[in-house]
Every structure is written in structure tokens, then in C-alpha cells.
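These notes are about the structure you will find just below.
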Amino acid sequence: MMVKVVRMWGVLVMVLVVAVGLCDGEREVCVVGSGMGGASVAYFLREYAVEPVQISIFEEGGKVGGRMAVVELEGDTFEAGGSVIHPKNLHAVRFAELLGLNRTSDDDEESFGIWDGTRFVFQTARAGDSAFSKTITQIMNTVSVLWRYGISLWRMQNYVNGMLDKFLKLYGKDRPAFDSVEEMLKSVDLYNDTQYTLEELLLNAGLSRLLIDELITITMRINYGQNVSISGLAGGVSLAGAQGGLWAVVGGNWQLADGLIRHTNASLSLNHKVLSVTAVGDRYMLGSEGGTTTCDAVVIATSLDESKIIFTPSVKILERQMQHTYTTFVRGLLNSDYFGSTNEDIPELVATMEDPAIPFSSISVLKEYNTTDKAYKVFSRAPLSDELLGRLFR
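Note that the sequence shown covers residues -25 to -1, 1 to 369 in mature numbering (1 follows the signal peptide of the UniProt record, and there is no 0).
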């Protein structure tokens, strides 16, 4: 029986620096958004500003953390987005150490299956509880994956590692400043990856059609709710997120943003929606339902497409289609009849191929209470109806 469903959706976060003029005397900087973008800006301003800076953060919601939100399901707390961090995200590693946050990693490999809408075209085995069972199952699954995808796996790893090596140059000690994202990417030879789709770059790198259509496609769908037509750079970042060594903060990654804001002693205003940003002389006035605030510089650390902030004078924003990812939490049990299988044979992660007829991107087990009672997280590109959830779960 399905006990409870919680739905959430998240969007990508864009950061736009409207103006920065930190020179003589104390300056006031207003940051709109309290996710990792806004919290990081506050931290780096506090660390590297030559003169004293007064930082004010405005958050539309009632909690900090942006998409790193947590939900409660029948007494348990789960993360809705941004739930894992790559070991080479050096800023996040440093922030966790700075704030004294404990980290956790899950080295247990969950079984997964690739669902094409009618059957599992590929599936790994589920390990038992003993260390011996886990070792044997891991060996079997490794052989199975290698047998199916062959040398293309090695080529995929080379592609991801090459992208990461270039990206890591941005952490260099010289810490250069850039006037645009394009300039930054060109400095580490990553700009070209934004000019082609991931599919084009991977085919050029010699990866097989089978690997691209299956393993790589399900990775894009799980991480970004998209497919291999995503840009090569974004796709490379997504593939990096499928590597081992991922970690999380005990109690939720939102604590990174919360801790940085506290560390910088920034002023935080929750439930404060910024409606407009107006240039007034050499300063900026933020308008909201509660009044106005004047700053020397403004950082927009939230999605411009979603916030609908009015800029005066107007700011040209590139029109683009945003991909929403809806997260649905369910406690109950997957309906084995929907998958034409038995509960024992359904993998812990159900990933899906690119097919508009498939209504969800993935279904994963978050916690198993017993064999007939589990907590699940479902990613989808559109809200899931109660009727569909009633067919997926029981």
C-alpha cells in the first residue's frame, strides 16, 4: 500500500553579476538566492575583497540551500536534489573541512536495470548482505558490463578524465579573473565542448552507439533529466557524477550553504522575494513586497528564467528552454506487474531509455524498511499523476 507521496521540482541555477565596484570604503553587496551559488559568492567576497564588505542575502523561500532541499516522508528525511558531491569538487571539499561537517560515502553498489518501456534490456545482479556476496556480485556485474559495452567504457572514462583534468586547472594558485564564462572556458580549453552535443563528441571519441543509447543516456536522464543532445561540457560533468568516490554531508548537503552564510556573517532575509533591480546613479535599488534596499553591487544567484526579476535598465537575457526535474517521494512497494517481473527481480535503480512514452526518468530505493515497505525517489520531466503512481506502486 502506498503511504505517502511528496513532490518537488528543481531548476538549474544561473549566477549573473550585475555590477561589482568594491574599492574605497565599505561596500554593500546584495545577493539574491541562498543556494550554493549565493553562499559561495558571499564566502569569496568575504575572503578576497580588498576593503570591508557588507553582504545581504535575500531568499524567496523559507530555507537556505536552493535545490539542495530536504523533505520528510513518514518521519524520515531525504534530499530532493544535489544529494551527492564529486571528490574533485575541491571547493565543496574545502567548505566541508572549513565548516567541520562530517562526510559520508556509500561504497555499496546498487543493482540497476535499463527499462525501455516494455522490458529491462540490461540488468545487474543484486548483492546479498555478506561481504563475500558483495564481492562476488561486484565481480559478476563488472564482467557483465564489460561484456556488453567493451572498449567503449575505457574511451568514456578517458573522455571524462580529460574533461576533469582541464576543469581542475581553474583551481590553480594564480586564481585568474574572467570577464565572461566564454573567456574562462577558453582558458582551460573547454569552450569547444560547449559547441557540440555530447552525442557528437562521444561518437567522435569512438564510443559505441550501444553505450551512448543505454548507459550514457540513462546517466543524462537521471542527473539532468535530459538526453545526449545536451552540450558536451554539461554532459561530461554529468558523466563525472556517475563515477565512484561520491560523498555527501551527514544530515544534508544544504548545510554547506547554511554554514558558509553563517561563516561570512552575512545578513540573511528569508521569505523575501526580490521583484526588481533598478540602477540609481552608481548604486542599485532592490524592490520587493516589503520595500526597497539599496546596494553598491547586486549578484543574482538564482534562475533568471524562473525569478522574473524586472531590471531597469533592462538586461538582455538569452531565451532558452529550461528543463524542470520533478522529484516524487513514495513510501510503499513497486508494482511488479507494471514491470512484468517479480519484486525480487526488480533492481534497486530503475533507469530508463530515451522514449517520450516512458513517464519517468528513474526510480531508486532510498531506504528499505522490510521486503514490502520501502522509500523511493522518482525523477520525471513532468508531474506524475495519482493514477500513474497508483499503477507504479502498491
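We treat Cβ as the ideally placed atom computed from N, Cα and C, and that holds for glycine.
| query | result |
| --- | --- |
| Cα-Cα separation, His247 to Gly265 | 8 Å |
| Simplified DSSP state of Ser9, which is helix, strand or coil | coil |
| Within the region 33 to 101, ranges of the alpha helix (DSSP H) (whole runs, at least 4 residues) | 65 to 74 |
| Contained alpha helix (DSSP H) runs [length at least 4] in the region 184 to 268, N- to C-terminal order | 192 to 199, 207 to 215, 229 to 238 |
| Residues that DSSP places opposite Arg123 in a beta bridge | None, per the DSSP bridge assignment. |
| Ala106 - DSSP class collapsed to helix/strand/coil | helix |
| Gly227 to Gly256 span [Cα, whole Å] | 42 Å |
| Lys144, buried or exposed, once every other Cβ within 10 Å from all chains shown has been counted against 16 | exposed |
| Distance between Ala254 and Glu47 (C-alpha atoms, nearest Å) | 42 Å |
| Distance, Gly262 Cα to Met115 Cα | 60 Å |
| Closest Cα partner of Leu293 within the set Leu279, Ile285, Ser204 | Leu279 |
| Residue from Phe87, Glu281, Glu34 with nearest C-alpha to Val120 | Phe87 |
| Extent of the continuous alpha helix (DSSP H) run through Leu179 | It should be noted that the sequence gives Asn, not Leu, for residue 179. Unbroken alpha helix (DSSP H) run through Asn179: 173 to 179. |
| Proximity below 8 Å, CB of Ser337 to CB of Ile285 | no |
| Nearest-angstrom Cα separation, counted from Glu175 out to Leu165 | 15 Å |
| Leu65 vs Tyr146 beta-carbon contact at 8 Å | yes |
| Same chain only: Cβ atoms within 7 Å of Ala100, ignoring 5 sequence neighbours per side | Ser86, Thr112, Met115, Asn116 |
| Val225 burial status per 10 Å Cβ neighbour count (16 or more: buried) | exposed |
| Cα-Cα separation, Phe97 to Trp229 | 35 Å |
| Cα-Cα separation between Glu72 and Tyr313, rounded to whole angstroms | 45 Å |
| Cβ contact check for the region 51 to 69 and the region 216 to 223: 3 or more pairs under 8 Å | yes |
| Tyr134 versus Tyr301: straight-line alpha-carbon distance, rounded | 29 Å |
| Cβ pair Ile32, Ser9 closer than 8 Å | yes |
| Ser31 - partner residues in DSSP beta bridges | Cys5, Ser242 |
| Nearest-angstrom beta carbon gap, Asn198 and Gly216 [assumed within contact, 8 Å] | 5 Å |
| First and last residue of the uninterrupted alpha helix (DSSP H) at Arg366 | 361 to 367 |
| Buried versus exposed call for Arg306 [16 or more other C-beta atoms within 10 Å across all chains shown] | buried |
| Whether Thr239 touches Arg21 by CB criterion (8 Å) | yes |
| Best match in Ala350, Arg356, Pro358 for proximity to Arg369 [C-alpha to C-alpha] | Ala350 |
| Selection from Arg123, Ile193, Ser162, His299 that minimises the alpha carbon distance to Gln149 | One detail in the question is off: residue 149 reads as Asp in this sequence, not Gln. That would be Ser162, whose Cα lies nearest to the Cα of Asp149. |
| Distance between Met260 and Thr269 (C-alpha atoms, nearest Å) | 4 Å |
| Close beta carbons around Leu363, own chain, < 8 Å, minus the five adjacent residues each side | Pro334 |
| Own chain partners of Gly56 with C-beta closer than 7 Å, once the 5 adjacent residues on each side are dropped | Gly(-16), Arg42, Met43, Ala44, Thr302 |
| Contact set for Tyr171: own chain, Cβ-Cβ below 6 Å, skip 5 residues either direction | Gly207 |
| Inter-residue Cα distance where the pair is Thr267 and Tyr18 | 24 Å |
| Close beta carbons around Asp271, own chain, < 7 Å, minus the five adjacent residues each side | Gly(-5), Arg2, Glu3, Val4, Arg258 |
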